[in-house]
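2 protein chains.
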Amino acid sequence: MRDFSANHETLSINTATVRKQWPLNRIIDECARRDIRAISPWRDQVTAVGIDRIARQLRETGIRLSGFCRGGFFPAADAAGLRAALEDNRKAIDEARQLDSPCLVLVVGSLPGALNGAPAYVDISRARAEVRDGIAATLEYAREIGMPLAIEPLHPMQAADRACINTLEQALDLCDELDPERTGMLGVAADLYHVWWDPKLEAQLMRAGADRLLAYHVCDWLTPTRDLLNDRGMMGDGVIELKKCRHWAEAAGYSGFAEVEIFSDYWWTKPGEEVLDTCIARHKTVV
Amino acid sequence: MRDFSANHETLSINTATVRKQWPLNRIIDECARRDIRAISPWRDQVTAVGIDRIARQLRETGIRLSGFCRGGFFPAADAAGLRAALEDNRKAIDEARQLDSPCLVLVVGSLPGALNGAPAYVDISRARAEVRDGIAATLEYAREIGMPLAIEPLHPMQAADRACINTLEQALDLCDELDPERTGMLGVAADLYHVWWDPKLEAQLMRAGADRLLAYHVCDWLTPTRDLLNDRGMMGDGVIELKKCRHWAEAAGYSGFAEVEIFSDYWWTKPGEEVLDTCIARHKTVV
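Given below as structure tokens:
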């Protein structure tokens, strides 16, 4: 397993972690100042500043992407909605390409409208079929452009509204179906917050292997957890066995960044400088 | 699939559903008044009234148990704690026997102390091993007494603090290991709230079969869900495909009660009469 203690060249910051503190251009500057080598930005953060400006700033600072958030949300109430989702995913691929991302992360979606408390239908099998078809269609364009797609299984507590792919096994079954040749164009983003509980975690990381393990996200699971979305913990403050999991991922062939992604009403109230400094310190000690 | 529309003879009320409104003796009276044929009581509710009195009241009203809640919570910080848990589980089996329950439901526990925000250790594999050993030891006594144990997989969002068995597949793997002869003494409680999201749900219900499907719990998953423990929905108010799931369970051989278990800060504020009447109405229409 790689030694993270000497420096933080393997650290990436998912920019949602400090999204309430700063706009993306400031986040990039603050990362550069701390010699953070990679980020994973969200589309809305990029758009708010302007993608050309962000692309230039990334070149100037030498900061790379560990991923781009996000494509997905394929299921829809009707055919027009399904088409609009596909179009939006092609646009996301173009943006990922412009920012030279190694992959586009997919939060696949689930029952359409459920996020607003009004699901258009309640058939999760239908949502899963629409996700499958949506990824299959998007993969065609992704292959043309050369932009790998990383399916991110979300925690089962988000199965109704955000993603109906909820385990690594399920995501990898889909990879087997849609990319049986293991071309590297379809894989998974393993976010420990979503998968830490899974008794099959080690086995499925091994199954994914280097060619399908496209991203690796860390934070921590707090006890108690007070919110289903925005109560993630800083690494080391919860119960996830971070080093054990990284050992498994690296044994499976993963050699990329450890990307910190913390949605937290607590950390969003802290000065951004403190959040980034804490991420660096924890990266070197507990990740 | 059985027709539930004509009457509610297949309805059972898990007594946690109205635990804030009434003591258990009143709950039993209110169930009897509505011709509800079965309940699943919690140990603390039984103890608060007195087990002899409850046993007598059940005989007098002709109300049966669909299960008894609960044994489990096997992991502990030290050897003394592990022994105390085993002793408590034997006591739970004796109580289940006295109340003529068809099974003792196991909420198996996880990281000891996590429920109070202070886990004694964070190794979920260790917790799972302690659960395995605890069930194995408890099963010996359960066989002597003739009281089946029903492992209840809890939702992965409760993996840290309440149960480190989180899928039907994981529970059934343990059944295969500890009771390979399928004696009927070890099985599962399938609570749809915990397992509805699982892409392998149908397959694992089939795998369980009649001899391992010892209990079947219903409620609903709300969008949004505002609390990880006490925001369950009334059947029909959420996104769980209740009839589809019951079709699977019955195709697998299940022929017992549909037990309503709703932990809900909302429903606990309602008059108990209204809650029970609503359970009956929904049982006949959407379960």
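Protein sequence lines correspond, in order, to chains A and B. Residue numbering for the first sequence follows our numbering, starting at 3 and increasing by one per position. Residue numbering for the second sequence follows our numbering, starting at 3 and increasing by one per position. Here a beta-carbon is modelled for each residue, glycine too, at the ideal position from N, C-alpha and C. Predicted, not measured: the structure shown is a model, and the values here were computed from it.
- Cα atoms of Ala131/A and Val48/A: separation of roughly 30 Å, rounded to the nearest angstrom.
- The Cβ atoms of Val262/B and Thr19/B lie closer than 8 Å to each other.
- At a beta-carbon threshold of 9 Å, the residues of chain B lying near Leu230/A are Met159, Pro226, Thr227, Arg228, Asp229 and Leu230, ordered along the chain.
- Residue-level contact by beta carbon holds for Trp199/B and chain A, with a gap shorter than 8 Å.
- Using a CB distance below 8 Å, the part of the region 137-162 of chain B facing chain A consists of His157, Pro158, Met159, Ala161 and Ala162, ordered along the chain.
- Each residue's CA atom was taken as its position, placing Tyr195/A and Val220/A some 7 Å apart.
- A direct Cα-to-Cα measurement between Thr287/B and Met237/B gives close to 9 Å.
- Taking the beta carbon of Leu113/B as reference, the chain A residues within 9 Å of it are Thr225 and Val241, listed in sequence order.
- For Tyr218/A, the three-state secondary structure derived from DSSP is strand.
- Chain-ordered, the chain A residues with CB closer than 9 Å to the CB of Arg130/B read Pro201.
- Going by C-alpha positions, Ala162/A is about 7 Å away from Thr225/B.
- In the three-state reduction of the DSSP assignment, Arg228/A falls in the coil class, being assigned neither a helical nor a strand state.
- As for any alpha helix (DSSP H) of minimum length 4 sitting wholly inside the region 71-101 of chain B, the runs are 81-100, ordered along the chain.
- DSSP places Gly111/A in the strand class (E or B) of the three-state scheme.
- Here the region 58-65 of chain A does not lie against the region 134-146 of chain A, with fewer than 3 beta-carbon pairs under 8 Å apart.
- Checking the DSSP bridge columns, you'll see Trp44/B partnered with Cys71/B.
- Residue range Gly274 to Thr287 is occupied by the alpha helix (DSSP H) that includes Leu278/B.
- Secondary structure remark: continuous beta strand (DSSP E) runs of at least 3 residues inside the region 112-170 of chain A, in chain order: 151-153.
- For Asp239/A, no beta strand (DSSP E) run applies, since DSSP gives it neither H nor E.
- Looking at Asp54/B, Ile147/B and Thr12/B, the one whose alpha-carbon comes closest to that of Ile95/B is Ile147/B.
- In terms of Cα proximity to Thr271/B, the closest of Ala138/B, Ile15/B and Lys22/B is Lys22/B.
- Within 8 Å of the CB of Pro77/B, no CB atom of chain A is found; the nearest one sits about 13 Å away.
- A Cβ of chain A is located within less than 8 Å of the beta carbon of Asp125/B.
- Taking Gly240/A as the centre and dropping the five residues before and after it, the same chain places the C-beta of Asp222, Trp223 and Leu224 closer than 6 Å to its C-beta, in chain order.
- Residue pairing by DSSP places Arg66/B opposite Ala40/B in a beta bridge.
- Rounded to whole angstroms, Phe6/B and Trp269/B show a C-alpha spacing of 23 Å.
- For Glu261/A, the enclosing beta strand (DSSP E) has its first and last residue at Ala260 to Val262.
- Residue environment analysis places Arg248/B among the buried positions, since at least 16 neighbouring C-beta atoms fall within 10 angstroms of its C-beta.
- Under the three-state reduction of DSSP, Gly186/A is assigned to coil, being neither helix nor strand.
- Between the region 115-127 of chain B and the region 170-183 of chain B there are fewer than three inter-stretch CB-CB distances shorter than 8 Å, so the stretches are not counted as touching.
- Between Gly73/A and Asn91/A, the C-beta spacing is below 8 Å.
- Within the same chain, Phe76, Gly136, Ala139 and Thr140 come within 8 Å of Leu88/B by CB-CB distance, once the 5 residues on both sides are set aside.
- Setting aside the 5 residues that flank it on each side, Ala40/B is surrounded in the same chain by Ser14, Ile65, Arg66, Leu67, Ser68 and Phe259, each with a C-beta closer than 7 Å to its C-beta; the list follows chain order.
- DSSP places Asn27/B within a helical segment (H, G or I) once states are collapsed to three.
- For Asn16/B, the enclosing beta strand (DSSP E) begins and ends at Leu13 to Asn16.
- Contact with chain A is absent for Pro25/B, since none of that chain's Cβ atoms lies less than 8 Å from the residue's Cβ.
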